[in-house]
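Below: one structure, written as structure tokens.
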Amino acid sequence: MKNDQDKALRQQLVDLLRGGGAHAKFEEVVAGIPAKLRGQKSTGMPHSPWMILEHLRIGQRDILEFSRNPKYVAPDWPDDYWPKTQAPPTASAWSKSVASFRKDSKSMQALVANPSTDLFARIPGGDGQTILREALLVADHNAYHIGQLVDVRRLLGSWKE
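Positions 614 to 774 (my numbering) are the ones given, in order, by the sequence shown.
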């Protein structure tokens with residue numbers, strides 16, 4: 614791949630990982646959720662905002678670690694990919710989860726942006742996955758569940774239209 618094409622691909626992947634575009638951004642969706650609603654489920658939705666936030670964090674961390682650590686062992690699916698509680702277990706758990714999600718998002722963006730990262734090489738320990746595939750997976754997974762957060766907020770009366 615030519616240098617200018619490689620640079621353009623990496624920039625577009627980073628933009629996709631940052632979110633937005635055709636979807637609500639993570640920062641917009643997690644901002645302003647009242648603490649009393651973070652552990653609430655709404656009719657017709659199986660998860661609370663806390664459960665979705667934690668699943669986003671755990672899933673993104675799993676993909677990031679798989680992408681950069683050849684000795685990584687994935688958690689058990691599905692038990693270890695969802696929180697054990699419907700509500701944040703402590704008053705600070707929400708903000709810690711948000712901060713961890715942000716940090717891992719920036720790490721994934723940095724991995725993709727680094728010209729020394731071969732986007733097309735098979736990931737050691739995987740079964741054919743590449744960094745390109747994992748970056749797209751993170752973006753897709755995040756967009757899906759951020760959309761769920763919007764729906765839950767809407768149903769709980771906590772989303773601006």
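Where a beta carbon is used, it is the ideal one built from N, C-alpha and C, also for glycine.
Nearest to residue i (by Cα), restricted to the options the options
i: Val751; options: Gly632, Lys684, Ala648; result: Gly632
i: Pro691; options: Lys649, Ile671, Gln722; result: Ile671
i: Phe679; options: Ser771, Asp717, Ser729; result: Asp717
i: Met658; options: Lys773, Trp772, Glu774, Val765; result: Val765
i: Asp776; options: Pro702, Thr698, Asp675, Ala700; result: Residue 776 lies beyond the residue range present for the chain, which begins at 614 and ends at 774; the question has no answer from this structure.
i: Pro696; options: Ser661, Arg735, Ala704; result: Ser661
i: Glu667; options: Gln699, Arg681, Ala648; result: Gln699
i: Ile744; options: Asn755, Ser729, Ala687; result: Ser729
i: Pro702; options: Trp663, Val711, Asp740, Met721; result: Trp663
i: Gln673; options: Asp619, Leu650, Asn616, Ala756; result: Ala756
i: Asp619; options: Asp731, Lys709, Arg746, Leu749; result: Asp731
i: Gly634; options: Arg735, Gly760, Ala704; result: Gly760
i: Ala712; options: Asp740, Ala644, Leu650, Tyr685; result: Ala644
8 Å Cβ cutoff met for residue i and residue j
i: Gln653; j: Leu769; result: yes
i: Ile665; j: His758; result: yes
i: Phe639; j: Phe714; result: yes
i: Ala726; j: Val627; result: yes
i: Leu669; j: Met721; result: no
i: Leu630; j: Ala748; result: yes
Bridge partner(s) assigned by DSSP for residue i
i: Thr743; result: Arg735
Same chain, Cβ closer than 7 Å to residue i, neighbours up to 5 away in sequence not counted
i: Pro683; result: Pro737, Gly738
i: Arg681; result: Leu724
Interface flag, residue i vs chain D, CB-CB below 8 Å
i: Ala637; result: The question asks about chain D, but that chain is absent: this structure has only one protein chain.
Other residues of its chain near residue i: CB distance less than 8 Å, five sequence neighbours each side excluded
i: Ser655; result: Val765, Leu768, Leu769
i: Asp693; result: Ile671
i: Ala704; result: Ala648
- Item | Inside the region 633-684 only - alpha helix (DSSP H) runs reaching at least 4 residues | 639-643, 662-681
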